[in-house]
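Engineer:
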Amino acid sequence: MPEKYLENCLYFTVNKLSRVITKMAEESFRPTGISPTHGFLMMLVNNKPGITQSELAEELHMTPSTITRFVDKLVVKGLAERKVQGKMSHIHPTEAGTEIQRELEKAWKDLFRNYSDILGEEEGKALTKATHLAAGQLDS
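Terminal number for the sequence shown in numbering that gives the first Met the number 0: 139, no gaps in between.
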């Protein structure tokens, strides 16, 4: 009976999915030397040099203090740098940060391929879309 409660509970089901996909993502990103979240943040910085920490927080649905910690790590690793203008902190990729872009894109593609091999490509896309829509609705 408790299994029925868990499999019919969005909270536990989404958390289980999160743990499984996190493990897969960490495996895909291992060759880059940074975590999946750091990787996605770095891709955003590469795609929009000078992006503000506020914009990063909004894009990644994270608090500004969390973004600060993530950016700090990228700065220490030599992948990004901060340029402060007034009260705004703009994040720019370093040369090393720009060079890692292809490796990051490969990691994302590998992750997609890995879960698509299990779920099927269309099911993976549908699950991603449904989860994204539900999160948006619940967050409003």
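Every residue, glycine too, gets a C-beta built ideally from N, C-alpha and C.
Counting along the chain, where does the beta strand (DSSP E) carrying PRO92 start and finish?
Structural biologist: As a first step, residue 92 is located in the sequence shown; it is residue number 93 there, counting from the start. Per DSSP, PRO92 belongs to the beta strand (DSSP E) from 87-92.
Engineer: Less than 7 Å between the beta carbons of ASN166 and PRO92, yes or no?
Structural biologist: Outside the displayed span of the chain (0 to 139) sits residue 166, for which this structure offers no information.
Engineer: Output the distance between the C-alpha atoms of LEU126 and THR51, rounded to the nearest integer angstrom.
Structural biologist: Counting from one through the sequence shown, the residue named residue 126 turns up at place 127. Counting from one through the sequence shown, the residue named residue 51 turns up at place 52. Each residue's Cα considered, the two are about 30 Å apart.
Engineer: Let me make sure I understand the geometry here. Which of HIS89, SER88, VAL13 and GLU98 has the alpha-carbon closest to that of LEU78?
Structural biologist: Here residue 78 is taken as the residue at index 79 of the sequence shown, counted from 1. It is GLU98.
Engineer: Given a cut-off of 7 Å, decide if PHE39 and ALA106 are closer than it, judged by their beta-carbon atoms.
Structural biologist: Within the sequence shown, residue 106 is the residue found at index 107, counting from 1. Within the sequence shown, residue 39 is the residue found at index 40, counting from 1. Not closer than 7 Å, so no.
Engineer: Between which two residues does the beta strand (DSSP E) holding LYS141 run?
Structural biologist: The displayed coordinates of the chain run from 0 to 139. Any statement about residue 141 would go beyond what the structure contains.
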